[in-house]
Amino acid sequence: MGFNATCTPGRDAAAAMVRVTPQVPALVIYLDPVNIAIQLPPFPGGSDVLMRFCRELSREASKLADHLGSQEGRHALAEGEQDARG
1 MGFNATCTPG
11 RDAAAAMVRV
21 TPQVPALVIY
31 LDPVNIAIQL
41 PPFPGGSDVL
51 MRFCRELSRE
61 ASKLADHLGS
71 QEGRHALAEG
81 EQDARG
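The UniProt record's numbering applies: residue 1 is where the sequence shown begins, and numbers increase by one.
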């Protein structure tokens, strides 16, 4: 299934690995209020495809976080900190 979407994370956005069943892990992105679940592809080698995708997603998300944190005049929050909004 393919689709394109543009969204912004809400204040309570988060991401988590969840188990749909004990054998079926998934990545869930909670965008506050919309959720996206990325599950194992239903074909041989699907776990390898999802593994590569998750590693690429992690690398690129880290690059974006580093870029946003290095912008001049912006305060970068360390992991686990909260901003003034709580």
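Glycine residues also receive a C-beta, built at the ideal position from the N, C-alpha and C atoms. The structure presented is a predicted model; accordingly, all values stated were derived computationally and were not measured.
- Rounded to whole angstroms, how far is the Cβ of G10 from the Cβ of L31, which I believe are closer than 8 angstroms? Taking the first residue of the sequence shown as position 1, residue 10 is located at position 10. Taking the first residue of the sequence shown as position 1, residue 31 is located at position 31. Beta-carbon to beta-carbon, G10 and L31 are separated by about 6 angstroms, close enough to satisfy the 8 angstroms threshold.
- Message: I need the straight-line Cα distance from G2 to Q71, nearest angstrom please.
- Response: One-based indexing of the sequence shown puts residue 2 at position 2. One-based indexing of the sequence shown puts residue 71 at position 71. Computed Cα separation, rounded: 33 angstroms.
- Query: Taking the continuous beta strand (DSSP E) assigned at R19, which residues delimit it?
  - Reply: Working through the sequence shown from its first residue, we reach residue 19 at position 19. Residues 14-21.
- Message: What residue range does the beta strand (DSSP E) around V28 cover?
- Response: As a position in the sequence shown, residue 28 is number 28, starting the count at 1. From DSSP, the beta strand (DSSP E) with V28 extends over 24-30.
- Message: Starting from A37, trace the beta strand (DSSP E) in both directions and tell me its first and last residue.
- Response: Position 37 of the sequence shown holds residue 37. Its beta strand (DSSP E) spans residues 35-39.
- Message: With the cut-off set at 8 angstroms, would you say V24 and L40 are in Cβ contact?
- Response: The sequence position of residue 24 within the sequence shown is 24, counting from 1. The sequence position of residue 40 within the sequence shown is 40, counting from 1. Yes, the Cβ-Cβ distance between V24 and L40 is below 8 angstroms.
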